[in-house]
Structures are given as structure tokens and as C-alpha cells.
């Protein structure tokens, strides 16, 4: 099913991630690779429990371990922003939002320009060997068939709660009222305004969130600026191609 159109989707689904329940088993990480048929890659030990060390074109979900205050695992993937800067920054509309709320890169349309990575506050999109960009799809293919995302399905300690976005926001508000730390609701517009993956944790276990998830934008790149910069580049490219075409036709006497 081809997903088309860029629009803000207020409905759709979300996931509440309870970090107090996470034991760092990486079942979610493995399920992601298995369901999406992502290839294995040779890894280098970096001195950390985190393996691989970052998201890549063949690793769409990674359990990061914050090891400063004990060992605090945090499963991480594309956050599927409510107002995704990457979609606004893409000059060819290759990044779209499904009715389920999934922010998806249509690989057939991706030209590998890289504006999505520049605009992403979480540094998620990763360039593959084919020059195109890859990331978590929110398992939109599973959701469209009444299933949960693969990572949610396999978690042995019920870290993830998959539900309609309105339910997730209500749950997050209740967690805030209980004094727990919540991330993903009411964020700066440069951080997507809010995310469909909402994290909650006790204050004792929130250090990983503070380390990995930005509350203040790392880089204030206006996605609209990136859109028009790319558009300007494309216009110049088209003009150059047109000029070369006229030159060749003139030389050939066509």
C-alpha cells in the first residue's frame, strides 16, 4: 500500500515506554531486525553495553545503555513526531505520514539529499549503501493488519503500551500527576511538537532520558528553510540540465 500526502495527523497510534520496566534484554531490537529483514553487520566493541553504538540503515532500533548512574537501558528508534521536521524538510515529499501516524520514508521517491537528517532533532535517518535514507517505519504494515509493532509484541516485561494516541496522552498526564518524568508531550516545535513514542520513568531512572532525548533543540534548523534551500537547488539543477539539453540539440542540429 503506497502512503501519500503530508499532513499533520492528530489521531493514529502511539506507544508509552515505561523505562522502569526495561531490563535491557534487547528483544525489541532483535524483533525489529527480524520483522524488517534487516541484514546483520559486523560490530566493534566500544566498551559499552550499547551494541550497535547507534542507529543505522540496518539497525532501526537500538537499546542504549546510560552507564553513568548504574546501568539504565533506553530502547530508541524514530520517535514519529506529530509535526515531523524531516517531512517538511524533504524537497521531494519522500517522507509522508500514514493515517496510523507513522512517519515513513518512501524509498522509491528518496533522492538521498539528506535534509531529513539535518532537520531531525533525534539524528534518526541513516544513509544506506544505495544512497537512500532509512529508519523505523512504526511497523505500519503490521498496524494496518491489526497487529502491534514487532518490538511491542515481543517485550517480556511489557515496557511498551501500544494504543490510540489520545489514550497515550491521557496515560502520560496521569504519570505526570504521579510525579514521574514524562518525555514526548508538549515539546518545542523544533523537536516535532510532540512524539508518538512517549517515555515515562521514575526520577531515579530518568537519567537516561536526560542524556539521550533532547529537551532543548541541539540545532535550531527551521524545516521550512531547508525545504526552500533544497527547492532552490533543484531549480538550479533543472535549469542547468535544460541549458545543456539546448546546447546538445543545437550542436546536433536537431
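In this note's numbering, the protein residues as written are 9 to 262.
By construction, the Cβ of each residue, glycine as well, lies at the ideal position given by its N, Cα and C atoms.
- In terms of Cα proximity to residue 148, the closest of 190, 105, 116 is 105.
- Fully contained in the region 56-137 are the following alpha helix (DSSP H) runs of length 4 or more, in chain order: 93-97, 123-127.
- Relative to the Cα of residue 98, the nearest Cα in the group 87, 80, 117 belongs to 117.
- Just measuring C-alpha positions, the residue of 180, 124, 34, 136 sitting nearest residue 203 is 180.
- Pairwise C-beta distances place the region 137-148 in contact with the region 107-123, as three or more of them are shorter than 8 Å.
- CA-to-CA, the gap between residue 23 and residue 139 works out to about 30 Å.
- Between residue 69 and residue 163, the gap from beta carbon to beta carbon reaches 8 Å or more.
- When the alpha-carbon of residue 74 is set against those of 253, 27, 141, 126, the nearest one is in 27.
- Note on residue 103: 16 or more other CB atoms within 10 angstroms of its CB, so buried under the neighbour-count rule.
- Taking the C-beta atoms as reference points, residue 82 is found nearer than 8 Å to residue 71.
- The C-beta distance from residue 197 to residue 91 rounds to 7 Å, short enough to meet the 8 Å contact threshold.
- Under the three-state reduction of DSSP output, residue 48 falls in the coil class, being neither helix nor strand.
- Residue burial annotation: residue 112 is buried, with at least 16 other C-beta atoms found within 10 angstroms of its C-beta.
- Using a 10 angstroms sphere on the CB of residue 214, the tally of other CB atoms reaches 16 or more, which defines it as buried.
- Partner residues in the beta bridge of residue 26, as assigned by DSSP, are 208.
- Cβ neighbours of residue 20 within its own chain (closer than 6 Å, five residues either side excluded): 108, 109, 173.
- Across the set 193, 141, 135, 34, the C-alpha of 141 shows the shortest separation from the C-alpha of residue 114.
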